[in-house]
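Note that the sequence shown covers residues 1 to 190 in UniProt numbering.
Below is one structure, written out as structure tokens; the observations come after it.
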Amino acid sequence: MTVDTATAQRQVLEAADALFYERGVQAVGMDAIRTASGVSLKRLYQLFSSKDELIEAYLKHRDELWNTMLAEHVDAAGEPRERILAAFDFLNDWFQQPDYRGCAFINSFGELGTVSPRVAELANEHKADFQRRLTELAEAADAPDPARLAEYLILLSEGAITRSAISRSAEPAQRAREAAGLLLDALLPA
């Protein structure tokens with residue numbers, strides 16, 4: 001039975017996502033993706049002409065997942081201050097997922113950032129988008145300098161992401177949320 005293109009693409013991307021995130025992009029070959037996806041190697045290369053193209057699709061997929069999960073948490077919060085803190089609640093929930101291995105963008109950049117301009121570009125775009133979202137949340141909270149507050153918040157977030165991946169604990173998200181609360185107390189109008 002021949003699988004339609006959209007289904008085959010989804011199978012390959014799901015397999016690549018699981019393997020790349022668990023093992024790293026350099027450690028996983030196209031044969032492993034073929035085996036995990038159940039798609040023939042010929043079909044795999046018809047769908048993604050190179051491993052680089054598949055890595056790019058994987059990172060774009062991770063960006064979509066991240067943005068969806070973040071938006072769910074932020075949109076569920078009420079007042080502007082709580083919407084900012086909801087970003088840290090999202091991190092806490094993410095860190096508790098059994099397959100958590102840190103940030104796919106940081107991991108991929110660490111592996112390929114110096115040799116793959118596209119991976120570096122996608123990582124920068126992802127981080128810039130997160131900072132833009134934090135700036136928008138800070139603006140909605142009437143922060144006197146929303147961009148600066150967002151810089152502080154992103155440093156707390158990125159530190160929590162890295163520390164959690166190393167420690168295999170969600171506690172860094174809780175500490176980062178506490179620190180963000182202190183920042184908001186100091187920087188937002190009363």
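Yeah, the Cβ is synthetic: ideal placement off N, Cα and C, and Gly gets one too.
Cβ neighbours of K127 within its own chain (closer than 8 Å, five residues either side excluded): F105, I154, E158.
Membership of E14 in the alpha helix (DSSP H) is indicated by the continuous run 5-23. CA-to-CA, the gap between V119 and F109 works out to about 6 Å. Of all alpha-carbon atoms in R23, L47, A18, the one lying nearest the alpha-carbon of D4 is that of L47. For a cut-off of 8 Å, the C-beta gap from L188 to A141 is around 6 Å, short enough to register as a contact. Taking 8 Å as the upper bound for CB-CB distance, A173 and A160 are in contact here, some 5 Å apart. Counting every other CB atom within 10 Å of its CB across the protein chains shown gives L41 a total below 16, marking it as exposed. Here A16 is buried. Its C-beta has 16 or more other C-beta atoms within 10 Å.
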